[in-house]
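Protein chains in written order, with my numbering: chain A, 7 to 345; chain B, 7 to 345. The C-beta atom is built at its ideal place from N, Cα and C for all residues, glycine as well. Since we're looking at a predicted model, the values are computed, not measured. Here's the structure we're looking at; comments come further down.
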């Protein structure tokens, strides 16, 4: 069941910020990719088919690269970082499979979502399989502290998704409530991916906390930029359609801001389209107009830069180490995606 | 979010075989129940609601009791057994939540399935949450070997479910292929639940293997009796409707046997009703008639007794210990459910 796993490299342009990270982790990342392929195997042919459809679809593998980079930053020299990085990517892949079922999404990374090809059933179950495989990999590394961090992350991620499900139909969601969703569904895995590096390297608590804080704030910035891109990115770049969040009735930060800043009439528009699910094709243009009127996209990006700044300061503890530079550049990459 | 968790005790009747086990584990099981309740909590209110709907619905909690019993059998005296037992029940609950989504089931344990009340989305995500919580509990116990066994089980269970998904529409499934599904989707968790007892008690490999073998064969017997009951049990006892497997197009052992023993015309009947999904209400009666004609139910139960006998022999290693008696009686309980 050999499958080519492209590690997306787009030199120049807005992705230049990722180049130092790619360079830093390239040799280890090759081992991660090989390890990932070796663990999607199963005699049940549907499992590698579904798993590899998503795994080989050209995600940037930012999360596993963060595990490798924070391990390198902390001078780790064993091979546990490769297995934990693969486990992080499997957890992420499992989440995507389940998310697409929950959201009824048709596309993922510019391809048909797995559920469109193999059905919701297979997507749920292959996600479960990958989660089981992820824990097996972690057990092989043998660090109970890393296991604790990643199993906590698994529970928190699911909690964030349920929170989003409950908030999905409430346009009156506050910015704080929405941030709690983002911390759970996105930032927690970034945080855990970064935290396990210093943990397996046996570094002091302060470094673990700093790496976690970097990951958490980077993850929040990442999600907010994603939210902004959903209303303004080019489709080829997003790998999904502009307005997907809108069509799925998702309340994201741009909407939270525009709703709070809007007139009574505008609030009725958001309620009709997002709460009541009565969005027509023409409504997306109106939504984008309202977001523009209230500066909601710009301010979402400004918020993202705020979390980027927090991530930057968290790294100050490591600033004398050369690996820290690559992690700093990732912040630039994440917040610059929008331009 | 306090919820009463009934530990089903039905003295006398066919459940008498469970009495010695219930007595053996009663004090520890109270702690398991309290621990379970303490870990379904979340500020996201939908999580305890969905989780407790199923957790408090009166399952027998056979799997966690097996963990407690094999721990006691091996002289374990810590409190890791309680946490592992709770983790096993959470894994089981997560599986049921996902199964009902995959199968489109409407009922579970005589109540509406969670997905009918909160939707497929919440069922998928709360299942993920419980799986994350299960791993957190295991990590607290600190046994890497128990973690290895249970994470392996998580992957194998999902594999078994995918296998069933693929086999669901194939009436030509062989008995061996079907057994591979049963080992994965049901027996693996029984096996893991039993194996972790001697593992945390630090007992030799031979005892771990014996406990695992007992659990594996007991689990197979359990599933085969379930398959037979689906075509003949009373609804109150099953907590689901007679013929659910038939209506869902599931190929179970009774069908595997009847198909192989049937005429060409009968095979067309099974193909139409199960493969093509064209089952009318009247077809269930015809299915039951064909199963009876070929002795498929009786022989499914005979097969179950065969695995029960294997489970019994696996216990021989422990037969001088009083706790082994309770585990032997469980075999009788499982295989006698059908009468």
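Residue span of the alpha helix (DSSP H) that contains residue i, given as start and end
i	result
residue 170/B	150 to 173
residue 98/A	86 to 109
residue 338/A	328 to 342
residue 29/A	25 to 45
residue 73/A	68 to 79
residue 257/A	Segment: none, residue 257/A is in no alpha helix (DSSP H) and carries neither H nor E.
residue 202/B	194 to 206
residue 142/A	120 to 147
residue 275/B	270 to 276
residue 59/A	52 to 61
residue 252/A	250 to 253
residue 321/A	Careful: residue 321/A lies outside any alpha helix (DSSP H) and carries neither H nor E.
residue 230/B	211 to 236
residue 295/B	287 to 299
residue 186/A	181 to 188
Buried or exposed (CB count within 10 angstroms, at least 16 for buried), residue i
i	result
residue 219/A	buried
residue 24/B	buried
residue 19/B	Because residue 19/B sits at a pLDDT of 47, beneath the cut-off of 50, its placement in the model cannot be relied upon, and the following sentence gives the value as read from the coordinates. When all chains shown are included, residue 19/B counts as exposed.
residue 126/B	buried
residue 319/A	exposed
residue 51/A	exposed
residue 284/A	exposed
residue 142/B	buried
residue 191/B	buried
residue 111/B	buried
residue 114/A	buried
residue 204/B	buried
residue 176/A	exposed
residue 242/B	The pLDDT assigned to residue 242/B is 45, lower than 50, so where the model puts this residue is not dependable; a value taken from the coordinates is nonetheless given after this. Residue 242/B comes out exposed.
residue 16/B	Caution is warranted here: a pLDDT of 40 is assigned to residue 16/B, below 50, making its placement in the model unreliable, and no coordinate value can be reported.
residue 194/A	buried
residue 54/B	buried
residue 314/B	buried
residue 297/A	buried
residue 322/B	exposed
residue 180/B	exposed
residue 60/B	buried
residue 118/B	exposed
residue 36/B	exposed
residue 109/B	buried
residue 274/B	exposed
residue 44/B	exposed
residue 269/A	exposed
residue 326/B	exposed
Contact list for residue i against chain A, beta-carbon separation under 8 Å
i	result
residue 50/B	165, 168, 169, 172
residue 104/B	130, 131, 134
residue 253/B	The contacting residues do not exist; residue 253/B stays about 16 Å from chain A at best.
residue 150/B	145, 148, 150
Proximal chain A residues relative to residue i, where beta-carbon distance stays under 9 Å
i	result
residue 89/B	Under the 9 Å cutoff, chain A gives no residues; its nearest Cβ is about 13 Å from residue 89/B.
residue 160/B	134, 135, 137, 138, 139, 141, 142
Where residue i meets chain B, residues with beta-carbon distance less than 7 Å
i	result
residue 175/A	In chain order: nothing, as chain B lies at least about 12 Å away.
residue 157/A	138, 141, 142, 145
residue 69/A	Those do not exist, as residue 69/A stays about 17 Å from chain B at its closest Cβ, beyond 7 Å.
Under 8 Å from the C-beta of residue i: neighbouring residues of chain B
i	result
residue 261/A	Chain B residues near residue 261/A: none, gap ~20 Å exceeds 8 Å.
Check: residue i C-beta below 7 Å from any heavy atom of the ligand ATP
i	result
residue 283/B	With respect to the ligand ATP, the structure offers nothing, as it holds no ligand at all.
Chain-ordered neighbours of residue i on chain A, where CB pairs are closer than 7 Å
i	result
residue 53/B	165, 168
residue 108/B	127, 130, 131
residue 153/B	145, 153
Item to complete: Report yes or no: do the stretch 101 to 108 of chain A and the stretch 72 to 81 of chain B share at least 3 C-beta pairs separated by less than 8 Å?
Response: Segments in contact, no.
Item to complete: Using a Cβ-Cβ cut-off of less than 7 Å, give me the residues of the stretch 123 to 142 of chain B that come near chain A, in sequence order.
Response: Within the stretch 123 to 142 of chain B, the residues whose Cβ lies closer than 7 Å to some Cβ of chain A are 127, 128, 130, 131, 132, 134, 135, 137, 138, 139, 141, 142, listed in chain order.
Worksheet item: Would you say the stretch 88 to 100 of chain B touches the stretch 30 to 43 of chain B, given that touching needs at least three Cβ pairs under 8 Å?
Response: Yes, they touch.
Worksheet item: Of all the residues that make up the stretch 214 to 227 of chain B, which are near chain A by a beta-carbon distance shorter than 8 Å?
Response: Answer set for the stretch 214 to 227 of chain B: empty.
Practice prompt. Indicate whether the contact test is met: 3 or more Cβ pairs, each with one atom in the stretch 179 to 191 of chain A and one in the stretch 245 to 262 of chain A, closer than 8 Å.
Written response: Output reads yes: the stretch 245 to 262 of chain A touches the stretch 179 to 191 of chain A.
Discussion item. Against chain B, which members of the stretch 321 to 333 of chain A pass a CB distance test of less than 7 Å?
Written reply: For the stretch 321 to 333 of chain A, which is checked against every Cβ of chain B, not one residue is closer than 7 Å.
Worksheet entry | Inter-stretch contact (C-beta, 8 Å, three-pair minimum) for the stretch 164 to 178 of chain B and the stretch 228 to 235 of chain B | With the cut-off at 8 Å, the stretch 164 to 178 of chain B and the stretch 228 to 235 of chain B do not touch.
Item to complete: Check each residue of the stretch 177 to 190 of chain B: if its Cβ is closer than 9 Å to any Cβ of chain A, include it; give the result in chain order.
Response: Residues of the stretch 177 to 190 of chain B whose Cβ lies closer than 9 Å to any Cβ of chain A, in chain order: 186, 190.
Discussion item. I'd like to know if the stretch 200 to 215 of chain A and the stretch 62 to 79 of chain A are in contact, where contact means that at least 3 CB-CB pairs between them fall below 8 Å.
Written reply: Because the criterion of three Cβ pairs below 8 Å is met, the stretch 200 to 215 of chain A and the stretch 62 to 79 of chain A touch.
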